[in-house]
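Peer 1: Chains as they are written, first to last, in my numbering: chain A, 16 to 347; chain B, 16 to 347; chain C, 16 to 347; chain D, 16 to 347.
4 protein chains.
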Amino acid sequence: MIRVGVFGAGRMAQDHISNIQQSQIAKAAWIVDPNKEVGAAAASQFNTTHFERAEDALARASDVDAFVIVSPSATHLQIIQMLLELNKPIFCEKPIAVATEQVRACIDMLKRRPVPFLLGFNRRFDRSISTLRARIGEVGSIHTIDITSRDHPCPPLAYLRTSGGMFYDMTIHDFDMARWLLGEDVCEVYATGSTLILPELAQFNDIDTSVCVLKTKSGKMVNIQNSRFAAFGYDQRIQVFGNKGLLSSENLRPTTVQFLGEKATHIDNPYPSFPTRYAEAYRQEMLHFLKDVVRDKKEPSVSAIDGLWANLIADAATRSLKSGRSEQLDPL
Amino acid sequence: MIRVGVFGAGRMAQDHISNIQQSQIAKAAWIVDPNKEVGAAAASQFNTTHFERAEDALARASDVDAFVIVSPSATHLQIIQMLLELNKPIFCEKPIAVATEQVRACIDMLKRRPVPFLLGFNRRFDRSISTLRARIGEVGSIHTIDITSRDHPCPPLAYLRTSGGMFYDMTIHDFDMARWLLGEDVCEVYATGSTLILPELAQFNDIDTSVCVLKTKSGKMVNIQNSRFAAFGYDQRIQVFGNKGLLSSENLRPTTVQFLGEKATHIDNPYPSFPTRYAEAYRQEMLHFLKDVVRDKKEPSVSAIDGLWANLIADAATRSLKSGRSEQLDPL
Amino acid sequence: MIRVGVFGAGRMAQDHISNIQQSQIAKAAWIVDPNKEVGAAAASQFNTTHFERAEDALARASDVDAFVIVSPSATHLQIIQMLLELNKPIFCEKPIAVATEQVRACIDMLKRRPVPFLLGFNRRFDRSISTLRARIGEVGSIHTIDITSRDHPCPPLAYLRTSGGMFYDMTIHDFDMARWLLGEDVCEVYATGSTLILPELAQFNDIDTSVCVLKTKSGKMVNIQNSRFAAFGYDQRIQVFGNKGLLSSENLRPTTVQFLGEKATHIDNPYPSFPTRYAEAYRQEMLHFLKDVVRDKKEPSVSAIDGLWANLIADAATRSLKSGRSEQLDPL
Amino acid sequence: MIRVGVFGAGRMAQDHISNIQQSQIAKAAWIVDPNKEVGAAAASQFNTTHFERAEDALARASDVDAFVIVSPSATHLQIIQMLLELNKPIFCEKPIAVATEQVRACIDMLKRRPVPFLLGFNRRFDRSISTLRARIGEVGSIHTIDITSRDHPCPPLAYLRTSGGMFYDMTIHDFDMARWLLGEDVCEVYATGSTLILPELAQFNDIDTSVCVLKTKSGKMVNIQNSRFAAFGYDQRIQVFGNKGLLSSENLRPTTVQFLGEKATHIDNPYPSFPTRYAEAYRQEMLHFLKDVVRDKKEPSVSAIDGLWANLIADAATRSLKSGRSEQLDPL
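1. Can you give the beta carbon distance from D191(B) to Y249(B), rounded, assuming they're within the 8 Å contact cut?
2. Please list, in chain order, the residues of the stretch 246-264 of chain C that have any C-beta partner in chain B closer than 8 Å.
3. Could you tell me the distance, in whole angstroms, from the CA atom of Q343(B) to the CA atom of C169(A)?
4. For a minimum of 3 consecutive residues, which ranges assigned as the beta strand (DSSP E) are wholly contained in the stretch 173-259 of chain D?
5. Given R150(D), which residues of its chain have a CB within under 7 Å of its CB, disregarding the five upstream and five downstream residues?
6. Here's the rule I'm using: 16 or more other beta-carbon atoms within 10 Å means buried, otherwise exposed. How should Y174(B) be labelled?
7. Could you name the residues of the same chain whose beta carbon sits closer than 8 Å to that of M16(A), not counting the 5 residues immediately before and after it, in chain order?
8. Sort Q251(C), D141(C) and N326(C) by Cα distance to I239(C) and report the nearest one.
9. Express the C-alpha separation of R292(B) and S338(C) in angstroms, rounding to a whole number.
10. Got a sec: which bits of the stretch 264-280 of chain C sit with their beta carbon under 8 Å from any beta carbon on chain D, in order along the chain?
11. Among residues of its own chain, excluding the 5 on either side of T186(A), which ones have a beta-carbon nearer than 8 Å to its beta-carbon?
12. What whole-angstrom Cβ distance do D321(D) and F136(D) have, given they're in contact under 8 Å?
13. Along the chain, where does the alpha helix (DSSP H) containing F274(C) start, and where does it finish?
14. Determine the direct distance from the alpha carbon of E265(C) to that of S143(C), and round the result to whole angstroms.
15. If G208(B) sits next to L336(B), beta carbons under 8 Å apart, how far is it from one beta carbon to the other, in whole angstroms?
16. If you reduce the DSSP assignment to three classes, tell me which class S88(A) lands in.
17. Which chain D residues are close to D161(B), counting only those with a beta carbon under 7 Å from its beta carbon?
18. Relative to chain D, which residues along the stretch 213-247 of chain B have a C-beta separation below 7 Å, given in chain order?
19. Just the C-alpha distance for V53(A) and G25(A), rounded to the nearest angstrom, thanks.
20. How big is the Cα-Cα spacing for Q36(D) and V309(D)?
21. Under the three-state reduction of DSSP, which class applies to H303(D): helix, strand or coil?
22. Within its chain, find whatever has a CB closer than 6 Å to the CB of P131(A); leave out the 5 residues flanking it on each side and keep chain order.
23. Closer than 6 Å by C-beta to T115(D): which residues in its own chain qualify, once you throw out the five before and the five after it? Chain order, please.
24. With distances taken Cα to Cα, identify the nearest neighbour of K230(A) among H158(A), I94(A), Q117(A) and A89(A).
25. Quick check on DSSP: helix, strand or coil for E67(D)?
26. With contact counted as at least three CB pairs below 8 Å, one residue from each stretch, are the stretch 110-127 of chain C and the stretch 83-100 of chain C in contact?
27. For the stretch 134-147 of chain C, enumerate the residues whose C-beta is nearer than 7 Å to any C-beta of chain D, in chain order.
28. Flag G152(A) as yes if its beta-carbon sits less than 9 Å from any beta-carbon of chain D, otherwise no.
29. Name, in chain order, the residues that DSSP records as bridge partners for S143(B).
30. So which of R194(C), F244(C), A246(C) and P269(C) has the shortest CA-CA distance to V237(C)?
31. For Y205(D), return the contacting residues in chain A, with the cut-off set at a CB-CB distance below 9 Å.
32. Does any CB atom of chain D fall closer than 9 Å to the CB of Q3(C)?
33. In whole angstroms, give me the CA-to-CA distance for T270(A) and F140(B).
34. Whole beta strand (DSSP E) runs in the stretch 28-64 of chain C with 3 or more residues, listed along the chain?
35. May I ask you to verify whether the stretch 293-305 of chain C touches the stretch 295-305 of chain A, counting CB pairs closer than 8 Å and requiring at least 3?
36. I'd like to know if Q36(B) contacts chain A, where contact means its C-beta is closer than 9 Å to some C-beta of that chain.
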């Protein structure tokens, strides 16, 4: 039984802990969360121990085989730093940090003290998306990739205020998808956007609707459409066009029930939100960490470098949003 | 933690035990299986105890909160009989028995010694099918129900030889669906069939392809198509036609990946087999047993009477297959 | 320019005449219809001549290259008889007659005075259905065929009273489909039905909802579901199951517009009625008659014998409806 | 019977003439084409007269009620100029001209000598697309429009060399769609592109794969993806996202036949090319011209101003392609 030390006890953390327990090969050894109530409730629910301070938990680090970081994004880097010297596998929910320099700092630390480190880009573990990736050769040479990602429901303004902005908080997943699917480095980015949903976002220079166009040296293009809102559910689609055809992954719907009434044929809308849409992906992500990385000592499939690449694209998109022109990526 | 005594350690039993363990509110206390190797392997996999003889297990019945019967069908009735006096909730994989008189015997025993008893008609717990049932009012007054059930892959002849025949082994699920969806008793059945897949089945008077037409007193009809084989996967569809529309549940497919190649557009075939297609339904079925029936003492949603009804329809279908005419149902 | 003499000027006739004119290789030379207003209106619309009496039109038969019969069904046989001696190609809307003995009489006449004779089973000319027929080898050996045909809107009682009954008026198309797709003679039929939509139909021994099961000597089965009503449009689907797969033709919908609203995803219902659903099939049927049969003197693709077969199946279905048992087909 | 004078006898012209004849309310009075063989063949096929020189045809202009211009694009303006003084309705295949100054010249001429003038943006007459337009209010306030247009098969290099370039020849349709659907002027355009299919295009500064992002003053965005090639057929899709939902028009497929084989489920690819995909739209476009504009003297639904707007967007896209930044539209 793999014993896991968990940082964070919020909603996202609870999902990860539930997946740990259900794996039947691991259990949460303890949870760290400065919030007394939240931490105690989670500890009780999952039959484990709660610490308010990381130091107290780490005093018992020898009881633990691996770490899972699901605390607020701003704390990730500091926790990673504490954990590195313990030399045990780390799963870190995305992002490592919003600021690219902090991501670079993390990579430097990992170079000096290498431990197995898995970054939580959950979409890579989705069955439809990973099948698309596995079968991507069917399209031949890639011409264009089209990525649609619309959130639902729209996150509250309080969350958005500290989210790091649309490109770092949301499009970052699509930037990772783009790189993962392209098989070629992105070198240039154009981005534009508007506040069509939450005008208040303009106050802190954020947007809620955007289009990005990424380009590789050989001229392949990735077209990303994002919105903080979709009336019909969580909209997640990818299309890869190549000289031999089009490979796509479409939205998932909760049931296959259809109703043909007097006016129209009704089918289910896409899943309503990311926790329902990607529930299975989060499960597979944790199984990859526990079974492949911790137990079987295989290479983690998403690295800190992947996180850095996504940040570099977000940096260029941010510059483009201001300049109105396409911008080159900073070097790795 | 609910402690469950399990009868059977075969493939189907292993799926049920895995669902018990993953529920996080229950665990298998022991497994009974006369096969030493199979039983020991399952006990080891699920970290529990194996008994070869029921008597030895039942000597420890006081340690147990509920029973799950997943042994061969022919043993169900005898095990139920043994368990009834222990006065604990029972989950019994379908069927109670192939012979209708044995199902009646079980019902009589349950009348004398009532315990919570859940019969394992798994499809009732499928998300698409149960949603269809919940929304059935949308069609208004039902005219016709169309049920398609094609197995894949075709079971081996050795299995089919002792299966009880197509109507009792396979169509029994569709007969239960018919009653569950109709909201009105079936009173008349016509059945016809052929051996188009496995000619050897004719030797023991069985068929592999069939059409059944059920009728209620008010004239509603249920049309059931069955086959022991479908080249393209496990085919499970229901359509309910009424005066206000058509409500259907369509096949599920493993992914939403589409490929538009030079010749055609390819989408995933339906799930390849019942364990993959109904994995989530089996999970929900066990959660209903553990959470609702055992823990919360709610009424089981599928009763032994439901099992009897399905058998009565199968009896009439069997008579019709011989007579070439529609046959009335025996009284309950 | 092929000159066509047309019998009938009703709605169906107008569709056929419109298709004749649009073909650009033919025109209606005259129309016969005993109804003065209807006939005159059609003649004016299509810029042709109207006769109230067939005799007057046939006096000018030498001006004409072919005949199209779209008069009421009860008049078909008599008109055919008149036309045969003129030795010109005949297109006859289905059915030749409701009574099988009259169909046999027509076939006898055609044997004595053979002329090119095309029977109007329009579905054979539908692009999706004819493609399904052309590709039927892909399923390998056929096991079961499933045919769904639901009318919309429900025809008025006045029409149904003289329609000949569901099997002869409506299911007749499906019986023809069955034979055309099977490639093997039907030898046995079971039929059952109810009046769930128009209870008044019971007065003249007709039904509005039915299930038929056809069987061939080798055990292949055809399952036909019919209804005089479908809340959601004209429902026309065929599925052919074989040892290599399932080939189907699904409903057509007027547009590909989708709306994903807050509650559900809406797509178009199937076409609302047979004239819209099969508009293109009627066009192709007439082009087959004009181009292939009349101009190029090719064999008509639907013969009077095809009409007789469909009637023989309808006869057996009618007997089965009364007897409650499967019935053998009469010999050809 | 409306008599139409037609300029052009090539493949596109033949389609238009066929639609004129099939309308049954009009006929081609004569055809002008400098190519003797092509013109004579078309005249013979459609039973009309051929002139090699416009002057000879126009000498008989009094016999004619309307004009249809389907000659090569470079000749449109000159023909329009000749026709204007005859004061009869004109249908002009798109574009009026590639050069925006020539389009402006045409508009000036039309102001001086106003005649009913219909510009042939065929997509506006497509049933799915025009239904999408009619129902666009269902999405509430528009946020983003996504237009996919991929050609198939790739036109020959000889055609592309004189086509005016991707934006003027192909994207022009999408620019018109954007304006027509937005209900608000486009004010800014970003465009990028590559030569991924035909490297030879780089020689004459053209591209074969592009992404354009259009923006309105209020921040609505239109995302257009184009390719000169799609392995799987002619790809034509529109999605309109708004605060109440998503309204889309999807690809049309020739049949509804599905095959579920051992490996996958196959459905028809989209229509293979624009003449098949938009056959019905071209028919409706001509009926609009003949019935609404010529016969009933209604306003043409696509004006020369619409053509100018599309050109202005193409101009800005062309500038953006060079500058690498978003460009403002020139004033009308």
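For every residue, glycine included, the Cβ atom is placed at its ideal position computed from N, Cα and C.
Peer 2: With the structure as the only source:
1. Incorrect: roughly 17 Å between the Cβ atoms, too far for contact.
2. A246, F247, D250, F256, G257, N258, K259, G260 and L261
3. 58 Å
4. 201-209, 224-231, 236-242 and 250-257
5. L262
6. exposed
7. I40, A41 and K42
8. Q251(C)
9. 41 Å
10. S264, E265, N266, L267, P269, T270, T271, V272, Q273, F274, L275, G276 and E277
11. S164, S225, C227, I239, N241, A329 and A332
12. 7 Å
13. Counting along the chain, F274(C) falls outside any alpha helix (DSSP H), though it belongs to the beta strand (DSSP E) covering V272 to L275.
14. 8 Å
15. 6 Å
16. helix
17. Those do not exist, as D161(B) stays about 17 Å from chain D at its closest Cβ, beyond 7 Å.
18. A246 and F247
19. 7 Å
20. 15 Å
21. helix
22. P104, V308 and P315
23. N326 and D330
24. H158(A)
25. coil
26. yes
27. R142, S143, T146 and L147
28. no
29. DSSP lists no partner for S143(B).
30. R194(C)
31. Y205, T207, V226, V228, G339, R340 and S341
32. There is no way to answer for residue 3(C), as the model of chain C reaches only from 16 to 347.
33. 13 Å
34. 41-47
35. no
36. yes
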